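Chemist: Each residue of the sequence shown is one higher than the one before, starting from 1 at the first, in full-length UniProt numbering. Just so you know, even glycine gets a beta-carbon here, dropped at the ideal spot from N, CA and C. Note that the coordinates shown come from a computational prediction; the quantities given were computed from them, not determined experimentally. Okay, here's the structure, questions in a sec.
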Amino acid sequence: MATPLEPPSTAPEATAPEATAPEATAPEATASAPTVTAPAQDTPLTGERPADRRVDPYLGTVVHVVGTRQARPNLPSTGCPFCPGGLEAPEPYDVRWFKNRWPAMHPDRCEVVLYTSQHDATFWSLGVAGARKVIDLWAERFAELGGRDDVDHVLIFENRGPEVGATIAHPHGQIYAYDHVPDRPGRLLANGWRPEADPDERFVVDHGGWTAWVPVASTFPMALTIAPREQLPDIVSLDDTARDELAAMLVDVLERLDRYYGVPLPYMMWLNQRPTDGGDWPTAWFHIELVSPWRRESTARFIAAAEVACNEYFNPVIPEVVAERLRELGPARP
Numbered sequence: 001m002a003t004p005l006e007p008p009s010t011a012p013e014a015t016a017p018e019a020t021a022p023e024a025t026a027p028e029a030t031a032s033a034p035t036v037t038a039p040a041q042d043t044p045l046t047g048e049r050p051a052d053r054r055v056d057p058y059l060g061t062v063v064h065v066v067g068t069r070q071a072r073p074n075l076p077s078t079g080c081p082f083c084p085g086g087l088e089a090p091e092p093y094d095v096r097w098f099k100n101r102w103p104a105m106h107p108d109r110c111e112v113v114l115y116t117s118q119h120d121a122t123f124w125s126l127g128v129a130g131a132r133k134v135i136d137l138w139a140e141r142f143a144e145l146g147g148r149d150d151v152d153h154v155l156i157f158e159n160r161g162p163e164v165g166a167t168i169a170h171p172h173g174q175i176y177a178y179d180h181v182p183d184r185p186g187r188l189l190a191n192g193w194r195p196e197a198d199p200d201e202r203f204v205v206d207h208g209g210w211t212a213w214v215p216v217a218s219t220f221p222m223a224l225t226i227a228p229r230e231q232l233p234d235i236v237s238l239d240d241t242a243r244d245e246l247a248a249m250l251v252d253v254l255e256r257l258d259r260y261y262g263v264p265l266p267y268m269m270w271l272n273q274r275p276t277d278g279g280d281w282p283t284a285w286f287h288i289e290l291v292s293p294w295r296r297e298s299t300a301r302f303i304a305a306a307e308v309a310c311n312e313y314f315n316p317v318i319p320e321v322v323a324e325r326l327r328e329l330g331p332a333r334p
């Protein structure tokens, strides 16, 4: 019988999102509710060794061992640290970033991005203007981190909901600055990835120069890909029009996803973009992937032994059905 494994978390939430392509091996999150626990005290699982990166000698799988993160609390003990006046936001703000207190890598490589000062907001409730502010901050941090000599890849991502490891409901995302180019984005961006020319039944919506569709072979029950029709390597390359159109696209599809089951959908979202290692990436094509572990309302899909063992997956949800439902929902009415 399959058993759920929760994704490893970064403070205040889960670590970088798992791949949706067929090569992904990590299991998906369960839909269990978060619990408040105190930091671990002298347990065998808690360590003080420096974080290190290890590589499986046979499979080449990269594992970051970060024992000190076992000691972090699962939930804030008092108040929300992201609300104005809280631990991480002492002053009023529209959007804000800060260094992660519980980094999965070196402290200078892990950041948290706050989308809004409104605790009960969602990304889509920010509207196009609010979403544009987030996009501009993403671009600013990508340029800053990617300009460092010790950073080869900048991953901007979000984990939304306790089902995927988020322990603070306040709208936010994270950024990891890697000192190498991870395998999946490296292969994806070097192998000529481009938007599907004709996704047919899996098409969802267009916004200006952007298109969204359900991928043909996701390992997750629900998945969506967003990309510009014109090749652009990274978020910094987007002009004002492209940023406004991307903001409109994100607001639209994220709102539809919350209406899919009539409740907030847990999801993982990340930006694929040109590595910053100084290499030549002529085919790099900026795009966003969004996935959810839910196969039906409040029910997560579990990864079973055969899937992990053979790296081949069995998706119980038909991509064309997901796309049809998202098209039927249409944009939100004013």
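Around the C-beta of aspartate 200, are 16 or more other C-beta atoms found within 10 angstroms, so that it is buried, or is it exposed?
Modeler: Locating residue 200 in the sequence shown gives position 200, counting from the first residue. The residue in question, aspartate 200, is exposed, as its Cβ has fewer than 16 Cβ neighbours within 10 Å.
Chemist: Over what stretch of residues does the beta strand (DSSP E) that includes alanine 227 continue unbroken?
Modeler: In the sequence shown, residue 227 corresponds to position 227, counting from 1. That run of the beta strand (DSSP E) goes 222-228.
Chemist: Between the C-alpha atoms of leucine 329 and alanine 223, what's the straight-line distance to the nearest angstrom?
Modeler: Along the sequence shown, one-based indexing puts residue 329 at 329. Along the sequence shown, one-based indexing puts residue 223 at 223. Whole-angstrom Cα-Cα distance: 16 Å.
Chemist: Which residue marks the beginning of the beta strand (DSSP E) containing threonine 211, and which one marks its end?
Modeler: Counting from one through the sequence shown, the residue named residue 211 turns up at place 211. Taken as a continuous stretch (DSSP letters only), the beta strand (DSSP E) holding threonine 211 covers 210-213.
Chemist: Roughly how far, in whole angstroms, is the beta-carbon of alanine 247 from the beta-carbon of isoleucine 135, given that I think they are within contact range, below 8 Å?
Modeler: By one-based count along the sequence shown, residue 247 stands at place 247. By one-based count along the sequence shown, residue 135 stands at place 135. At roughly 6 Å, the Cβ-Cβ gap stays under 8 Å, so alanine 247 and isoleucine 135 are in contact.
Chemist: Leaving out five residues on either side along the sequence, give the residues of the same chain with a beta carbon under 7 Å from the beta carbon of arginine 53.
Modeler: On the sequence shown, residue 53 is found 53 positions in, with the first residue counted as 1. So the qualifying residues of the chain are Val62 and His64.
Chemist: For asparagine 315 versus threonine 225, is the C-beta spacing smaller than 9 Å?
Modeler: Start at 1 with the first residue of the sequence shown, and residue 315 comes out as number 315. Start at 1 with the first residue of the sequence shown, and residue 225 comes out as number 225. The answer is no: Cβ separation not under 9 Å.
Chemist: What distance in whole Å lies between the Cβ atoms of valine 214 and valine 204, which are believed to be in contact at a cut-off of 8 Å?
Modeler: Position 204 of the sequence shown, counted from the first residue, corresponds to residue 204. Position 214 of the sequence shown, counted from the first residue, corresponds to residue 214. Yes, valine 204 and valine 214 are in contact; Cβ-Cβ is about 7 Å, under 8 Å.
Chemist: Per DSSP, which one or two residues make a beta bridge with isoleucine 175?
Modeler: For the purposes of this step, residue 175 is taken as residue 175 along the sequence shown, with counting starting at 1. BP columns for isoleucine 175 point to Glu111 and Ile156.
Chemist: Quick check on DSSP: helix, strand or coil for phenylalanine 203?
Modeler: As a working mapping, residue 203 is identified with position 203 in the sequence shown. Correct three-state label for phenylalanine 203: strand.
Chemist: Considering only the alpha carbon of each residue, which of Arg301, Gly130 and Trp193 lies closest to histidine 172?
Modeler: Position 172 of the sequence shown holds residue 172. The residue with the shortest Cα to Cα distance from histidine 172 is Gly130.
Chemist: Compute the beta-carbon to beta-carbon distance between histidine 207 and proline 182, rounded to the nearest angstrom, for a pair I have assumed lies under 8 Å.
Modeler: The sequence position of residue 207 within the sequence shown is 207, counting from 1. The sequence position of residue 182 within the sequence shown is 182, counting from 1. Rounded, the Cβ-Cβ distance is 29 Å, inconsistent with contact.
Chemist: Where do the N-terminal and C-terminal ends of the beta strand (DSSP E) with tryptophan 97 fall, by residue?
Modeler: As a working note, residue 97 is residue 97 in the sequence shown. In the DSSP annotation of this structure, the continuous segment of the beta strand (DSSP E) that includes tryptophan 97 starts and ends at 96-99.
Chemist: Just to confirm, are leucine 290 and leucine 232 a CB contact at a threshold of 9 Å?
Modeler: Taking the sequence shown and counting its residues from 1, the one referred to as residue 290 is at position 290. Taking the sequence shown and counting its residues from 1, the one referred to as residue 232 is at position 232. No, the Cβ-Cβ distance between leucine 290 and leucine 232 is not below 9 Å.
Chemist: So if DSSP puts leucine 137 in a beta bridge, which residue, or which two residues, is it bridged to?
Modeler: Working through the sequence shown from its first residue, we reach residue 137 at position 137. Partner(s): none; leucine 137 has no beta bridge.
Chemist: When you compare only the Cα positions, how much space is there between valine 322 and glutamate 230?
Modeler: Position 322 of the sequence shown holds residue 322. Position 230 of the sequence shown holds residue 230. Cα-Cα distance, rounded: 26 Å.
Chemist: Determine whether the beta carbon atoms of alanine 212 and methionine 249 lie at a separation below 9 Å.
Modeler: What you label residue 212 is simply residue 212 of the sequence shown in a count that begins at 1. What you label residue 249 is simply residue 249 of the sequence shown in a count that begins at 1. Yes, the pair counts as a contact, with Cβ atoms nearer than the cut-off.
Chemist: Enumerate in chain order the residues of its own chain whose CB-to-CB distance from valine 317 is below 6 Å, with the five nearest sequence positions on each side excluded.
Modeler: As a working note, residue 317 is residue 317 in the sequence shown. These residues qualify, in order along the chain: Pro221 and Arg295.
Chemist: Using 8 Å as the cut-off, can you tell me whether the segment 155-163 makes contact with the segment 261-272, which would need three or more C-beta pairs spanning the two stretches below that distance?
Modeler: Touching, per the Cβ criterion.
Chemist: For threonine 299, which beta-bridge partners are listed by DSSP?
Modeler: If you number the sequence shown from 1, residue 299 lands on position 299. Bridge partners of threonine 299: Arg296.
Chemist: In the DSSP output, which residue or residues are listed as bridge partners for residue 338?
Modeler: Residue 338 lies beyond the stretch modelled for the chain, which goes from 1 to 334, so this question has no answer here.
Chemist: CA-CA distance, proline 319 and proline 92?
Modeler: Taking the first residue of the sequence shown as position 1, residue 319 is located at position 319. Taking the first residue of the sequence shown as position 1, residue 92 is located at position 92. Each residue's Cα considered, the two are about 42 Å apart.
Chemist: Quick check: what's the CA-CA separation for proline 331 versus arginine 259?
Modeler: Numbered from its first residue, the sequence shown carries residue 331 at position 331. Numbered from its first residue, the sequence shown carries residue 259 at position 259. Roughly 10 Å separates the two Cα atoms.
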